[in-house]
Amino acid sequence: MYTQGLDAKTEQSAQPSPRLVTEQEAALQGRFQERVDAEEKIEPRDWMPEGYRRTLVRQISQHAHSEIVGMLPEGNWITRAPTLRRKVALLAKVQDEGGHGLYLYSAAETLGVSRDELVGQLLSGKAKYSSIFNYPTPTWADIGAIGWLVDGAAIMNQVPLCRCSYGPYARAMVRICREESFHQRQGYELMLALAQGTAEQKRMAQDALNRWWWPSLMMFGPSDDQSAHSAQNMAWKIKRFSNDELRQRFVDATVPQAEFLGLTIPDPELRFNAETGHYEFGAIDWTEFNEILKGNGPCNRERIEARRKAWDDGAWVREAAVAHAAKRKQRAMKKAG
Amino acid sequence: MDRKDWPLFEIFIRPKNGLSHKHVGSLHAADARMALDNARDVYTRRGEGVSIWAVPASSIAASDPSEKASLFDPADDKVYRHPTFYDIPADVKNI
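Read top to bottom, the protein sequences are chains Z and A. Under full-length UniProt numbering, the residue at position 7 of the first sequence is numbered 7, and the numbers go up by one with no gaps. Under full-length UniProt numbering, the residue at position 75 of the second sequence is numbered 75, and the numbers go up by one with no gaps.
1) Ile304/Z and Gly125/Z - do their beta-carbons sit closer together than 8 Å?
2) Compute every distance between the C-beta of Ala32/A and the non-hydrogen atoms of the ligand GTP, then say whether any falls below 7 Å.
3) With a CB to CB cut of under 8 Å and the five nearest residues on each side skipped, what residues in its chain are close to Met1/A?
4) Once DSSP output is grouped into helix, strand and coil, what is the label at Glu10/A?
5) To the nearest whole angstrom, what separates the beta carbons of Ser106/Z and Ser26/A, a pair I think is in contact under 8 Å?
6) Here's the rule I'm using: 16 or more other beta-carbon atoms within 10 Å means buried, otherwise exposed. How should residue 99/A be labelled?
7) Just checking, does the region 190 to 199 of chain Z make contact with the region 246 to 255 of chain Z on the three C-beta pairs under 8 Å criterion?
8) What does Gly297/Z reach in chain A if we use C-beta pairs closer than 7 Å?
9) Pick out the complete beta strand (DSSP E) segments inside the region 11 to 59 of chain A, 3 residues or longer, and give them in chain order.
10) Determine which residues share a DSSP beta bridge with Phe32/Z and list them.
11) Please check the pair Leu118/Z and Arg307/Z, which I expect to be a contact at CB under 8 Å, by giving their CB distance rounded to whole angstroms.
12) If we count the other Cβ atoms within 10 Å of its Cβ and call it buried at 16 or more, is Ala283/Z buried or exposed?
13) So is Gly99/Z in contact with chain A if we call contact Cβ pairs under 8 Å?
14) Is Trp236/Z helix, strand or coil by DSSP?
15) Let me know if Glu275/Z comes out buried or exposed under the rule of 16 or more other beta-carbons within 10 Å of its beta-carbon.
16) By how many angstroms is the C-alpha of Ser131/Z removed from the C-alpha of Gly144/Z?
17) Whose CA, out of Lys335/Z, Lys334/Z, Ala310/Z and Arg328/Z, lies closest to the CA of Ala32/A?
18) What are the residues of the region 308 to 326 of chain Z that lie near chain A, defined by any Cβ-Cβ distance shorter than 8 Å?
19) What three-state label does DSSP hand Met1/Z in the structure shown?
20) Do three or more CB pairs link the region 206 to 226 of chain Z to the region 163 to 174 of chain Z at distances below 8 Å?
21) What's the C-alpha gap between Gly51/Z and Ala153/Z?
22) If we cut at 8 Å on Cβ distances, does Ser106/Z have a partner in chain A?
23) Starting from Tyr103/Z, find everything on chain A with Cβ-Cβ shorter than 7 Å and list it in chain order.
24) Around the Cβ of Gly262/Z, are there at least 16 other Cβ atoms within 10 angstroms (buried) or fewer (exposed)?
25) Find the nearest neighbour of His100/Z within the set Gln330/Z, Gly314/Z, Glu180/Z and Gly337/Z, judged by alpha-carbon distance.
26) Could you tell me the alpha carbon to alpha carbon distance between Val94/Z and Asp5/A, rounded to whole angstroms?
27) Compute the Euclidean distance between the alpha carbons of Glu280/Z and Gln226/Z, then round it to the nearest angstrom.
28) What's the C-alpha gap between Arg45/Z and Met204/Z?
29) Just to check my reading of the structure: Phe289/Z and Met218/Z have Cβ atoms closer than 8 Å, yes? What is that Cβ distance to the nearest angstrom?
30) If I'm right that Phe12/A touches Val50/A with Cβ under 8 Å, what's the distance once you round it to whole angstroms?
31) Which stretch, first to last residue, makes up the alpha helix (DSSP H) that contains Tyr188/Z?
32) Thinking C-alpha only, which one of Cys164/Z, Phe241/Z and Trp148/Z is nearest Gln257/Z?
33) Could you tell me which of Glu291/Z, Gly277/Z, Arg35/Z and Phe133/Z sits nearest to Cys164/Z, measuring between CA atoms?
34) Hey, out of Asp151/Z, Ala321/Z and Met48/Z, whose CA is closest to His183/Z's CA?
35) To the nearest angstrom, how far is the alpha carbon of Gly75/Z from that of Leu91/Z?
36) For a contact meaning CB atoms closer than 9 Å, what does Lys87/Z contact in chain A?
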């Protein structure tokens with residue numbers, strides 16, 4: 001579902017390695033940058049700077065974790081979807097998110113980290129994932145708001161990643177973006193049904209918009225002047241547009257959609273600037289964002305607990321698969337005599 | 001073998017008969033049969049294919065990118081392997 005600029009400037013990983021760069025390494029780095037500048041893709045076994053590899057492992061694994069944790073807030077409503085049509089759509093969407101997690105873990109593994117290492121980082125609470133999934137989904141309208149706003153923001157962020165300089169990540173993103181477009185549409189359709197329904201349904205839709213609007217804007221990550229890796233990631237063509245640029249695009253695309261629904265964006269300072277052709281919006285409360293990243297959001301603990309429980313409860317399935325594979329191999333060998 | 005040793009499989013899909021299998025990604029599975037089942041669920045949720053290959057990643061021999069020059073350069077100066085190398089008068093048709 002989504003990747004986010006989670007790296008605030010204070011983070012340890014932002015510190016450059018103290019190691020001296022040798023002449024030979026400098027030459028390799030120069031050649032690497034030339035390839036990136038020429039829009040050549042970098043593939044797993046190509047030489048790459050250590051920082052490039054580290055940044056990609058961090059970003060791709062955070063992205064993968066976000067897909068997996070992102071299944072939880074929506075999974076909450078699968079058994080209570082109001083109609084069979086909504087239920088199959090939600091099931092398919094949640095299943096997609098699981099698949100997206102797998103594509104991304106696979107892409108991260110091409111950089112020399114193991115799946116178990118990455119899953120371990122998520123379960124131990126060491127790894128970060130998108131802040132948005134630490135909010136609760138108390139009403140059915142939240143499912144509409146997630147599809148419309150959260151997936152909408154995700155698409156805005158992810159489409160440029162299809163042109164990322166690292167081949168396996170770019171290819172995974174192409175698949176993900178292709179699948180993601182139904183997610184946003186089903187969410188908007190759901191919001192439309194509520195907005196055109198009874199007064200109570202419309203109130204529910206408005207309430208969901210009120211709760212999801214600001215967290216969705218935060219999905220684009222800290223403002224450009226606060227963002228830790230922006231310049232280097234742009235030079236490496238991991239990132240194509242700045243956080244603020246993408247956020248502005250999202251606001252410009254979404255405000256008219258809210259107007260069509262007859263709902264009000266919860267921002268008294270929101271106004272269209274005819275000169276620039278863009279919507280201007282109020283200040284974002286970054287304290288809330290930082291608290292969530294620190295683990296103090298409304299659902300942080302619950303999410304990680306759910307992932308740990310799923311991992312533990314699934315242990316017997318993993319063991320059974322191994323036993324089954326061994327038995328099958330033995331039988332085949334006996335047959336071959 | 002414990003979970004950590006689930007081998008990695010590279011997955012190839014034939015989009016439709018008449019086209020070659022194409023690499024789509026990878027996954028871990030306890031054996032090849034389960035790799036095929038998982039690939040069905042992960043990589044063909046929207047009618048992307050009519051046939052799946054699951055190949056143990058350890059069975060793939062790959063050329064070394066650092067030897068790219070010595071491997072592929074020899075082909076670069078052999079322009080006579082291309083049809084445009086040969087001069088045919090414009091009046092001659094169908095060639």
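Note that the Cβ used here is the ideal one computed from N, Cα and C, for glycine as well. Just so you know, these numbers come straight off a predicted model, no measurement behind them.
Taking the structure as given:
1) To locate residue 125/Z, count along the first sequence from 1; it is residue 125. To locate residue 304/Z, count along the first sequence from 1; it is residue 304. Contact: yes.
2) Looking for the ligand GTP in the displayed structure turns up nothing, as the structure carries no ligands at all.
3) Reading the second sequence from its first residue, position 1 is the one you call residue 1/A. Note that Met1/A has pLDDT 48, beneath the 50 cutoff, so the model's placement of it is unreliable and the number below is only indicative. Within the same chain, and ignoring the five residues on either side of Met1/A in sequence, the residues whose Cβ sits closer than 8 Å to its Cβ are Ala30.
4) What you label residue 10/A is simply residue 10 of the second sequence in a count that begins at 1. Look at Glu10/A here: in three-state DSSP terms it is strand.
5) The sequence position of residue 106/Z within the first sequence is 106, counting from 1. The sequence position of residue 26/A within the second sequence is 26, counting from 1. The beta carbons of Ser106/Z and Ser26/A sit about 5 Å from each other, so the pair counts as a contact at 8 Å.
6) Missing from the structure shown is residue 99/A; chain A here goes from 1 to 95 and no further.
7) With a cut-off of 8 Å, the region 246 to 255 of chain Z and the region 190 to 199 of chain Z do not count as touching, because too few Cβ pairs lie within range.
8) As a working mapping, residue 297/Z is identified with position 297 in the first sequence. Within chain A, no residue comes near Gly297/Z; the closest Cβ sits about 30 Å away, beyond 7 Å.
9) Qualifying beta strand (DSSP E) stretches, in chain order: 22 to 28 and 51 to 56.
10) Position 32 of the first sequence, counting from 1, holds the residue named residue 32/Z. DSSP lists no beta-bridge partner residue for Phe32/Z.
11) Against the first sequence, residue 118/Z aligns to sequence position 118. Against the first sequence, residue 307/Z aligns to sequence position 307. Not a contact, Cβ separation roughly 12 Å.
12) Your numbering for residue 283/Z matches position 283 in the first sequence. So Ala283/Z counts as exposed.
13) Here residue 99/Z corresponds to residue number 99 of the first sequence, with the count starting at 1. Yes, its Cβ sits closer than 8 Å to a Cβ of chain A.
14) On the first sequence, residue 236/Z is found 236 positions in, with the first residue counted as 1. Note: Trp236/Z maps to coil in three-state DSSP.
15) The count along the first sequence starts at 1 and reaches residue 275/Z at position 275. Exposed, since its Cβ has fewer than 16 Cβ neighbours within 10 Å.
16) Taking the first sequence and counting its residues from 1, the one referred to as residue 144/Z is at position 144. Taking the first sequence and counting its residues from 1, the one referred to as residue 131/Z is at position 131. Between Gly144/Z and Ser131/Z, the C-alpha separation is close to 18 Å.
17) On the second sequence, residue 32/A is found 32 positions in, with the first residue counted as 1. When Lys335/Z, Lys334/Z, Ala310/Z and Arg328/Z are compared, the shortest CA-CA separation from Ala32/A is found for Arg328/Z.
18) Under the 8 Å Cβ criterion, the region 308 to 326 of chain Z contributes Arg318, Glu319, Ala321, Val322, His324, Ala325 and Ala326.
19) Here residue 1/Z refers to the residue found at position 1 when the first sequence is read from its first residue. The predicted position of Met1/Z is uncertain, since its pLDDT is 49 and thus under 50; no value can be drawn from it.
20) In short, these stretches do not touch, since the Cβ pair count stays below three.
21) Along the first sequence, one-based indexing puts residue 51/Z at 51. Along the first sequence, one-based indexing puts residue 153/Z at 153. Linking Gly51/Z to Ala153/Z through their CA atoms gives a straight-line distance of about 27 Å.
22) Translated into the one-based positions of the first sequence, residue 106/Z becomes position 106. At least one chain A Cβ lies under 8 Å of Ser106/Z.
23) In the first sequence, counting from the first residue as 1, residue 103/Z sits at position 103. Contact note: Tyr103/Z reaches chain A through Gly25, using a C-beta cutoff of 7 Å and chain order.
24) In the first sequence, residue 262/Z corresponds to position 262, counting from 1. Result: exposed.
25) In the first sequence, the residue the question calls residue 100/Z occupies position 100. Of the residues Gln330/Z, Gly314/Z, Glu180/Z and Gly337/Z, the one whose Cα lies closest to the Cα of His100/Z is Glu180/Z.
26) Mapped onto the first sequence, residue 94/Z falls at position 94. Mapped onto the second sequence, residue 5/A falls at position 5. Cα to Cα, Val94/Z sits roughly 28 Å from Asp5/A.
27) Mapped onto the first sequence, residue 280/Z falls at position 280. Mapped onto the first sequence, residue 226/Z falls at position 226. When only Cα atoms are considered, Glu280/Z and Gln226/Z end up about 20 Å apart.
28) For the purposes of this step, residue 45/Z is taken as residue 45 along the first sequence, with counting starting at 1. For the purposes of this step, residue 204/Z is taken as residue 204 along the first sequence, with counting starting at 1. If I take the Cα positions, the gap works out to 51 Å.
29) Stepping through the first sequence from its first residue, residue 289/Z is reached at position 289. Stepping through the first sequence from its first residue, residue 218/Z is reached at position 218. Between Met218/Z and Phe289/Z the Cβ distance is about 5 Å, and since that is below 8 Å, they are a contact.
30) Indexing the second sequence from 1 puts residue 12/A at position 12. Indexing the second sequence from 1 puts residue 50/A at position 50. Their Cβ separation, rounded to whole angstroms, is 12 Å, which puts Phe12/A and Val50/A out of contact at 8 Å.
31) By one-based count along the first sequence, residue 188/Z stands at place 188. For Tyr188/Z, the enclosing alpha helix (DSSP H) begins and ends at Gly167 to Ala195.
32) For the purposes of this step, residue 257/Z is taken as the residue at position 257 of the first sequence. For the residues Cys164/Z, Phe241/Z and Trp148/Z, the minimum Cα distance to Gln257/Z belongs to Trp148/Z.
33) The residue labelled residue 164/Z in the question sits at position 164 within the first sequence. Among Glu291/Z, Gly277/Z, Arg35/Z and Phe133/Z, the Cα nearest to that of Cys164/Z belongs to Arg35/Z.
34) By one-based count along the first sequence, residue 183/Z stands at place 183. Closest by alpha carbon: Asp151/Z.
35) In the first sequence, residue 75/Z corresponds to position 75, counting from 1. In the first sequence, residue 91/Z corresponds to position 91, counting from 1. Taking the straight line joining both Cα atoms gives about 8 Å.
36) For the purposes of this step, residue 87/Z is taken as residue 87 along the first sequence, with counting starting at 1. Ordered by position in chain A, no residue passes the 9 Å Cβ test against Lys87/Z, which lies about 17 Å from the chain.
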